[in-house]
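Working notes, structure below.
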Amino acid sequence: MAKKRLTTKELGIYKNEITTALYKNENIREILLGDTSKMAQREIMEEFKKHVKSHLFIDETVIDADSFIYYDVIAPNLQNNIKQCKVIIYAICHRDIIDDGYAKDGYYGNRADIIEQMIEEALLDEDVVNNFGIGELKLDSIGIYNATRFYGRIMEYIVPNFR
1 MAKKRLTTKE LGIYKNEITT ALYKNENIRE ILLGDTSKMA QREIMEEFKK HVKSHLFIDE
61 TVIDADSFIY YDVIAPNLQN NIKQCKVIIY AICHRDIIDD GYAKDGYYGN RADIIEQMIE
121 EALLDEDVVN NFGIGELKLD SIGIYNATRF YGRIMEYIVP NFR
């Protein structure tokens with residue numbers, strides 16, 4: 001009898017892949033951390049972890065005028081042979097910096113829009129997208145995150161996989 005793939009373990013593996021993809025993207029590191037040229041790799045990773053979280057809990061006591069990425073992975077559809085995984089990502093900015101004039105060639109809109117585009121670029125990179133499931137990671141929906149201090153985008157990606 002064939003051994004079934006563990007769904008819960010796979011969700012954690014997806015999280016590791018997402019963190020790695022976001023960290024490797026120089027544009028994301030730049031928009032979240034600024035100039036890192038004088039920082040050691042360990043320091044860059046520590047600062048990155050302050051801005052990128054593998055959960056969707058956003059502490060309302062966070063008051064830093066900064067940008068953040070929160071994400072999680074769920075499996076909303078588990079059938080006999082195929083399951084569908086969903087990656088939910090929040091790209092959020094403090095309201096005081098959302099329209100601060102951050103600009104980078106090839107990216108459009110406010111700071112949250114630009115982060116959203118950078119995330120999409122990082123996750124749909126040819127070297128990254130093949131690390132997920134049996135099909136392509138596909139953007140399924142884009143919504144708005146609106147809280148007292150933060151504003152941004154909620155992106156949902158779908159990926160089919162074997163069960």
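In terms of the working numbering, the sequence shown has 67 at position 67, counting the first letter as 1, and numbering is strictly consecutive. Backbone N, C-alpha and C fix where the C-beta goes; we use that ideal spot for every residue, glycine too.
From 137, 144 and 146, pick the residue whose C-alpha is nearest to that of residue 158; which is it? 137
Just the Cα atoms here: how many angstroms apart are residue 100 and residue 76? Looking at the two C-alpha atoms, the distance is approximately 37 Å.
Kindly indicate which three-state DSSP category residue 25 falls into: helix, strand or coil? coil
Residues bridged to residue 158 [DSSP beta-bridge criterion]: Answer is 86 and 138.
Once you ignore the five residues that flank residue 1 on each side, which residues in its own chain have a CB closer than 6 Å to its CB? A caution first: residue 1 carries a pLDDT of 46, below 50, which makes its placement in the model unreliable, though a value can still be read off. Counting only Cβ-Cβ distances below 6 Å, and skipping sequence neighbours, we find nothing.
Determine the direct distance from the alpha carbon of residue 144 to that of residue 65, and round the result to whole angstroms. 19 Å
Every unbroken alpha helix (DSSP H) inside the region 90 to 131 [4 residues or more]: 111 to 123 and 126 to 129
Which first and last residues belong to the beta strand (DSSP E) in which residue 69 is found? 67 to 78
Which class does residue 57 belong to by DSSP, given the choice of helix, strand or coil? coil
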